[in-house]
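First comes the structure, then the notes that go with it.
There are 2 protein chains.
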Amino acid sequence: MQYESIAQALEALDRTQKTEAAYNHAMGVLYLDAATAAPKGSYIGRGNTMEVLSRVIYDLSTSPERGELLSYLESHAQELDPVRVRQLEVIRKDYDRSHKIPAEEFVAYQVLLNDAGAVWEKAKNENDFPSFAPYLEKIVDYNRKFAGYFNPEMAPYDALLNEYEEGMNMVTLDAFFSQLRNAIVPLIEKISGKPPIDDSFLRRTYPVEQQRRLSDYLMKTLGLDRNYCGIAETEHPFTTNFNNKDVRITTHYYENSLASSMYSVIHEGGHALYELNADDQYNATVLSGGVSMGIHESQSRFYENIIGRSRPFIHAIFPSIKSFFPEQLQDVDEEMFYRAVNKAQPSLIRTESDELTYSLHIMVRYEIEKQLISGALSVSDVPARWNELYREYLGVEVPNDRQGCLQDSHWSGGSIGYFPSYALGSAYGAQMLCCMQQELGDIYADVAKGDLSRITGWLKAHIHKYASFKKPGVLFAEACGKFDPKYYTDYLTKKFTALYQLD
Amino acid sequence: MQYESIAQALEALDRTQKTEAAYNHAMGVLYLDAATAAPKGSYIGRGNTMEVLSRVIYDLSTSPERGELLSYLESHAQELDPVRVRQLEVIRKDYDRSHKIPAEEFVAYQVLLNDAGAVWEKAKNENDFPSFAPYLEKIVDYNRKFAGYFNPEMAPYDALLNEYEEGMNMVTLDAFFSQLRNAIVPLIEKISGKPPIDDSFLRRTYPVEQQRRLSDYLMKTLGLDRNYCGIAETEHPFTTNFNNKDVRITTHYYENSLASSMYSVIHEGGHALYELNADDQYNATVLSGGVSMGIHESQSRFYENIIGRSRPFIHAIFPSIKSFFPEQLQDVDEEMFYRAVNKAQPSLIRTESDELTYSLHIMVRYEIEKQLISGALSVSDVPARWNELYREYLGVEVPNDRQGCLQDSHWSGGSIGYFPSYALGSAYGAQMLCCMQQELGDIYADVAKGDLSRITGWLKAHIHKYASFKKPGVLFAEACGKFDPKYYTDYLTKKFTALYQLD
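Here the protein sequences come in this chain order: P and Z.
For the first sequence, our numbering gives the first residue as 41, with consecutive numbering after it.
For the second sequence, our numbering gives the first residue as 41, with consecutive numbering after it.
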């Protein structure tokens with residue numbers, strides 16, 4: 041159609057964004073329901089719904105009307121405010137990207153992911169990689185093909201990395217990970233010569249009902265407004281947001297682990313704060329929600345580790361933790377608790393690993409993804425390669441696939457190229473801590489009192505409120521200057537040198 | 041468009057039904073989420089989504105393409121099989137009906153209901169009818185207006201009754217309810233001269249965690265396949281179904297009431313069995329799901345009362361109930377338990393009322409709805425009228441609106457004309473029991489062994505499997521002959537005469 045005025049076209053732009061937001065909301069709730077409350081067999085009937093809705097979303101984002109609207113408004117870009125310009129940029133990218141994926145492949149892929157989620161969960165529970173392998177194979181094939189559609193000039197894995205963190209590539213990541221390894225591996229070696237920290241009390245019996253109460257307390261301490269933030273239970277913890285007034289986190293309770301759910305709640309709580317603190321103006325537009333996986337993980341891992349595993353935070357919350365579990369923690373004091381939740385020890389499960397060895401878990405996945413996408417590794421060889429890399433990087437033997445290559449939900453959800461964001465995010469967070477301290481002074485004095493308001497206020501002002509308005513690189517640079525992994529390696533070195541008296 | 045063949049048109053018919061089923065699924069999950077896991081404030085962001093999706097559903101069901109498709113296939117009706125003919129009939133009714141409601145009213149009404157649900161829940165919790173009144177007023181106005189659209193020749197309340205039970209009207213219901221009152225009131229009077237049954241042990245402390253386990257046990261006893269049937273917790277129990285492989289029931293646990301959640305689970309379980317036993321062929325078509333509210337309630341109330349409150353069923357399940365609550369039921373035997381869950385006593389809360397007085401609760405709502413829709417009663421006078429009718433019909437004083445006119449979620453959900461289905465369903469169920477016994481013999485011998493398979497098998501064969509293929513009147517008549525409320529009054533008279541030794 042022909043637009044009579046910019047105002048009319050902007051109205052159409054609002055309408056199309058609202059429509060798309062509604063579909064995304066519906067799909068999001070269907071996914072959340074599938075992961076939480078839905079009975080296992082419900083995936084059979086969900087297929088049709090996912091197929092129909094993904095088709096509509098695809099049609100919407102590739103429609104000729106949208107193309108015309110984009111062209112019209114782009115030709116008037118100089119008359120638009122920066123928010124509109126950025127909206128156009130994001131919609132254009134999505135439009136061009138969608139036009140590169142044939143409709144039937146897009147829809148078939150959505151249906152595949154719906155099935156793969158159920159199959160993976162069952163495969164994990166039953167330690168049965170072969171039943172998941174055909175699905176992973178198809179997911180890898182689709183991703184390789186999509187990478188070619190997105191950016192045929194890049195190596196396929198670079199194109200996938202770009203989907204999660206714009207501008208990222210294997211050259212940068214290889215260097216980044218090598219810098220991390222050079223800092224982390226010597227620390228681990230030194231630590232292995234020290235007496236091990238006793239964290240056995242974290243694996244006493246912690247009834248799930250009490251752990252649920254602890255989650256409520258932690259969410260309150262983080263400043264999460266329960267009026268807008270829910271919590272549910274899933275196999276693998278995650279955060280999902282429908283708008284800045286409706287964010288959900290999930291966790292998984294294990295009766296014999298206190299730290300597992302506790303730190304997953306703080307981690308997902310960090311994601312949730314990012315979403316809840318976004319400006320209202322971005323709701324129901326393409327600029328709603330966090331801007332990239334790296335920035336998102338910087339927030340989750342900031343709260344989880346830099347705050348949540350800090351000595352002052354443990355000081356603030358330990359009395360409450362003890363009040364939830366007086367018997368289990370009878371013989372434990374806050375220093376013991378602090379040391380236990382920071383015990384550095386090569387292990388099997390990424391989500392339960394310590395802050396220091398965490399990035400090594402990421403590197404395993406990064407290596408496997410690179411090789412899967414390049415074709416150097418076949419899906420059937422993933423378990424063997426996984427176990428080999430765990431041996432090489434972490435020095436541990438993987439006893440089964442359940443605790444090995446089936447542990448994460450990412451691949452079954454179609455996320456290949458996502459994992460590096462966790463390590464990047466950790467590094468971003470360490471640099472944010474420095475900038476924050478330069479501006480606010482001794483933030484850990486606040487943390488010791490359980491008061492995170494100035495910290496969250498700083499993050500809201502520099503990161504959260506912008507949602508997806510600024511590109512990740514710009515957002516980070518305007519908040520913290522040029523990215524430098526040295527902040528992170530320095531932070532780790534300082535923390536673990538003190539903790540283990542490595543000097 | 042012009043169709044080249046019947047086959048081509050039928051393909052289009054399948055496609056449009058699949059699409060509509062997908063939207064209904066998405067809307068259903070959004071509602072379920074809103075009632076269960078969603079944080080309270082999430083209704084703010086849900087508004088846009090509901091608005092967009094209801095608009096799409098409306099556009100779909102009123103589209104000129106659908107009109108053309110209907111006309112084409114209707115002109116070839118004699119060449120179609122009965123399932124297709126019935127599909128056309130249902131779609132035609134909906135098409136004509138939708139064309140009578142202006143689009144903006146339909147959408148505004150959906151948005152109103154979304155808000156009203158949250159407002160009602162808050163109003164009920166805070167015993168604050170005035171905060172809900174403006175919403176109820178608008179809902180009544182819309183319903184009166186819609187009634188005129190649906191069938192301008194009927195009295196508005198008759199038109200609404202027709203939405204829930206085709207062919208129903210006030211003349212029939214007035215007679216039906218008067219027949220019930222004539223049987224029930226003398227029984228209640230006689231019972232009031234007898235020593236009251238002691239049911240105080242049902243209000244001991246029953247920890248919610250244990251009640252959840254009891255729910256699992258009851259669902260298993262009912263034969264509900266947990267692979268396809270979930271359970272969640274809501275303010276007001278309900279059942280929702282997305283297809284015959286995905287049905288959810290909800291309940292509400294009260295620590296000081298064992299019977300409340302127990303019988304809500306059996307009631308909703310009856311609804312769920314109806315949905316789960318539908319033939320696969322009806323999935324993703326307009327014939328999926330139960331055919332009317334009256335038939336649906338006949339199933340729920342059959343399992344809840346005719347089975348669930350029978351002496352043989354208590355014999356079968358009491359040992360298990362006692363194993364869940366050995367201390368609380370230490371001094372209780374199965375005969376005491378049977379008598380307690382059947383104690384007939386005029387009370388305040390419909391969902392917790394006994395089998396005998398239940399229909400009187402329905403009559404209160406029926407009278408108020410009649411008067412609200414006719415305009416004889418204004419919304420602000422509802423609490424006073426409610427309390428008056430409870431005094432007149434049940435002889436009880438209503439202490440507050442929370443336990444009075446705010447107790448049910450139906451009106452906030454837009455359901456006016458629904459309540460009579462509960463009483464009708466109870467009466468249908470009693471007649472089904474007779475027919476079933478004529479065919480199967482002593483079904484209560486099965487019940488005493490906890491084996492409901494023959495009973496559910498009979499209901500599946502005569503009711504469940506047909507989903508919405510047969511009209512409610514035909515479905516009932518083919519299963520049980522002509523409807524006669526006398527089966528129900530006889531059943532009640534016999535049961536309560538024996539229980540209270542009224543001879």
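Ideal Cβ positions, reconstructed from N, Cα and C, are used throughout, including at glycine.
Keep in mind the model is a prediction, meaning the values are calculated, not measured.
Those residues which DSSP pairs with N281 (chain P) across a bridge: P:V287
Per-residue burial, A517 (chain P) [other beta carbons within 10 Å of its own, 16 or more giving buried]: exposed
Residues near R126 (chain Z) by beta carbon distance below 7 Å, same chain, minus five either side: L327, F509
Proximity winner among Z:P104, Z:E193, Z:M302, Z:E205, relative to K511 (chain Z) (alpha-carbon distances): Z:E205
Beta carbon proximity, I84 (chain P) to chain Z, threshold 8 Å: yes
Under the three-state DSSP convention, the category S414 (chain P) falls into: helix
Chain P within 8 Å of P79 (chain Z), Cβ atoms only: yes
Beta-carbon neighbours of N267 (chain Z), restricted to chain P and to distances below 8 Å: P79, K80, G81
8 Å Cβ cutoff met for L532 (chain Z) and L396 (chain Z): yes
Three-state secondary structure (DSSP) of S297 (chain Z): strand
Minimum Cβ-Cβ distance from H65 (chain Z) to chain P less than 8 Å: yes
is_contact[V305 (chain P), chain Z] using C-beta, thresh 8 Å: no
8 Å contact criterion, which N222 (chain P) and N283 (chain P) should meet: CB distance rounded: That pair is no contact at about 43 Å.
Cross-strand partners of I271 (chain P) (DSSP beta bridge): P:I289
P386 (chain Z) and L446 (chain Z) closer than 8 Å at C-beta: no
P79 (chain P) vs D286 (chain Z) beta-carbon contact at 8 Å: yes
N440 (chain P), DSSP secondary structure in three states: coil
Inter-residue spacing [alpha-carbon to alpha-carbon] between A199 (chain Z) and E193 (chain Z): 9 Å
Status (buried if at least 16 other CB within 10 Å, exposed otherwise) for P142 (chain Z): exposed
Sequence ranges, alpha helix (DSSP H) only - wholly within the region 175-259 of chain P, length at least 4: 196-204, 210-232
Proximity winner among Z:S45, Z:I224, Z:F190, relative to M403 (chain Z) (alpha-carbon distances): Z:I224
Chain-ordered neighbours of F365 (chain Z) on chain P, where CB pairs are closer than 8 Å: Going along chain P, no residue has its Cβ under 8 Å from F365 (chain Z), so there is no contact; the nearest lies around 18 Å.
Enclosing alpha helix (DSSP H) for V130 (chain P) [first to last residue]: 122-140
Of the listed residues P:R351, P:F459, P:L369, P:S338, nearest to C520 (chain P) (C-alpha basis): P:S338
Where the alpha helix (DSSP H) through W426 (chain Z) begins and ends: 422-429
Short Cβ contact (8 Å threshold) for I231 (chain P) with L262 (chain P): no
DSSP state of G85 (chain P) mapped onto helix, strand, coil: helix
Three-pair Cβ contact test at 8 Å for the region 58-69 of chain P versus the region 88-105 of chain Z: yes
Short CB-CB distance (under 8 Å) between K58 (chain Z) and chain P: yes
Collapsed DSSP secondary structure at G465 (chain Z) in the structure displayed: helix
Test item: CB-CB of K505 (chain Z) and A312 (chain Z) under 8 Å: no
Close Cβ partners of L400 (chain Z) (< 7 Å) along its chain, the five nearest in sequence each way excluded: I224, Y433, L434
Per-residue DSSP class, three states only, for F365 (chain P): coil
is_contact[A324 (chain P), chain Z] using C-beta, thresh 8 Å: yes
Cutoff 8 Å: V69 (chain P) Cβ touching any chain Z Cβ: yes
Cross-chain neighbours of N283 (chain P) in chain Z, by beta carbon under 7 Å: G85
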